[in-house]
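Below you'll find the structure, written out as structure tokens, and then a few comments.
Written out as structure tokens, the structure is:
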């Protein structure tokens, strides 16, 4: 029996865990990047950023002061037994995120006011980082009896560069991948926070493409890339943008992608978010 | 070349060029999208003395400051990059941020001997190099208020100086 209060606690814990260090597989890829980088300043930057991740873990500090907009993915086993009102699962997740941000502490960046006030920011910001509400919580049903909670924290830099748009594929994979590689190169050049981790979703609608891009960030495995992902990573690295844009071999660490159902059409809808140095800030917990 | 710089500076640093590493110790101001235009309004209205800010020989870091720490935001955001020239004219010598900036911005800041330095977005490390902080203006902007930080050995790489840019590959 899974008590609903555990969902709140899991979300709170995941916010902290996602913010304060790299996962072991990412550290391996990062260490290989340091070995590969031949530009002296660029290698120095890579070493410093890895030290930042270790310092964050040791001192339980956020790796990045932009602690991000939380995104929660809840996968519920069809045989899961839940103690509590299932209608309150989303409330529990949101409460856990707020608590996690207060504990971290998250950046107090939620804008006060309603509607237009939020555009102009004229009423200022909340001092309470717990007011940074998560994006709409996404739920999936899966096989089994467990509940898996995944929290991602989305920083603002990649959101400036991200894009969801159609690509004319001309029924040719090379045409398709060359166009989106061009997007990634352009985004990485302006991002500033490289080495990046491009995340790509390909769907039938903008909504699907964005969900698939988030799945790519949630499920992508460091050290494993398919042919499309390798192609994007290589093209970005050929740009010589380098760490922090100062030049060098390492502009992208890795690419994550998810391709969903498609419709008969000359276009594919692609969502791309060129994740920054700390991406993907993610953590999963399994409740059983 | 590594330059150890104490800010504010009272004379030009000769020879500093793109690709040089720097470590900055002393006072740096923080400002980003919300505050940069306000600061420029005070400069244009010749009312800067109303703020407790001395821009002569100063360093400005494009960042917020909050309990979550500090680290560079993208300097190529409109309200930040568009103010770098006038801030240089007003005395700012070190613009600390990240991301590629335009050649005309580089030309503008270079006219006054100012440089653009990319700082690693390493908030946990930077927190270790923070000596003190205080709000000096525009407190109503919360984390985006103009802060004065005293830092010890804040690291960076000179990305634009003397009309040249590390981004021109």
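Chains as they are written, first to last, in our numbering: chain L, 1 to 288; chain X, 1001 to 1169.
Just so you know, even glycine gets a beta-carbon here, dropped at the ideal spot from N, CA and C.
{"Check": "Inter-residue spacing [alpha-carbon to alpha-carbon] between residue 265 of chain L and residue 210 of chain L", "Outcome": "19 Å"}
{"Check": "Minimum C-alpha distance to residue 243 of chain L - residue among L:190, L:218, L:103", "Outcome": "L:190"}
{"Check": "Between the CA atoms of residue 1007 of chain X and residue 1047 of chain X - distance to the nearest angstrom", "Outcome": "23 Å"}
{"Check": "Counted within 10 angstroms of its Cβ, other Cβ atoms place residue 115 of chain L as buried (16 or more) or exposed", "Outcome": "exposed"}
{"Check": "Near-chain L residues of the segment 1112–1124 of chain X - C-beta to any C-beta below 9 Å", "Outcome": "1118, 1119, 1120, 1121, 1122, 1123, 1124"}
{"Check": "Touch test, the segment 1071–1084 of chain X against the segment 156–167 of chain L, Cβ-Cβ under 8 Å, three pairs minimum", "Outcome": "yes"}
{"Check": "Beta-carbon neighbours of residue 1167 of chain X, restricted to chain L and to distances below 9 Å", "Outcome": "189, 241, 245, 246, 247"}
{"Check": "Residue 62 of chain L beta carbon less than 9 Å from that of residue 107 of chain L", "Outcome": "yes"}
{"Check": "Cβ distance (whole Å) where residue 141 of chain L is taken to contact residue 76 of chain L below 8 Å", "Outcome": "6 Å"}
{"Check": "Closest residue to residue 284 of chain L among L:220, L:177, L:32 (Cα-Cα distance)", "Outcome": "L:220"}
{"Check": "Residue 132 of chain L: first and last residue of the uninterrupted beta strand (DSSP E) it sits in", "Outcome": "Counting along the chain, residue 132 of chain L falls outside any beta strand (DSSP E), and DSSP gives it neither H nor E."}
{"Check": "C-alpha gap between residue 1039 of chain X and residue 9 of chain L, whole angstroms", "Outcome": "43 Å"}
{"Check": "Identified DSSP bridge partners for residue 1003 of chain X", "Outcome": "X:1022"}
{"Check": "Collapsed DSSP secondary structure at residue 283 of chain L in the structure displayed", "Outcome": "strand"}
{"Check": "Endpoints, the beta strand (DSSP E) within which residue 198 of chain L is located", "Outcome": "197–203"}
{"Check": "The segment 1070–1082 of chain X: positions lying closer than 9 Å to chain L by Cβ", "Outcome": "1070, 1071, 1072, 1073, 1074, 1075, 1076, 1077"}
{"Check": "Residues from the segment 44–59 of chain L in contact with chain X, defined by Cβ distance under 9 Å", "Outcome": "44, 45, 48, 49, 51, 52, 53, 54, 55, 56, 57, 58, 59"}
{"Check": "Nonlocal neighbours in the same chain, by C-beta distance under 6 Å from residue 212 of chain L, ignoring five residues either side", "Outcome": "201, 203, 258, 260"}
{"Check": "Rounded straight-line distance, which links the Cα of residue 1072 of chain X to that of residue 192 of chain L", "Outcome": "9 Å"}
{"Check": "Cβ of residue 61 of chain L within 9 Å of any chain X Cβ", "Outcome": "yes"}
{"Check": "DSSP-derived helix/strand/coil call for residue 146 of chain L", "Outcome": "coil"}
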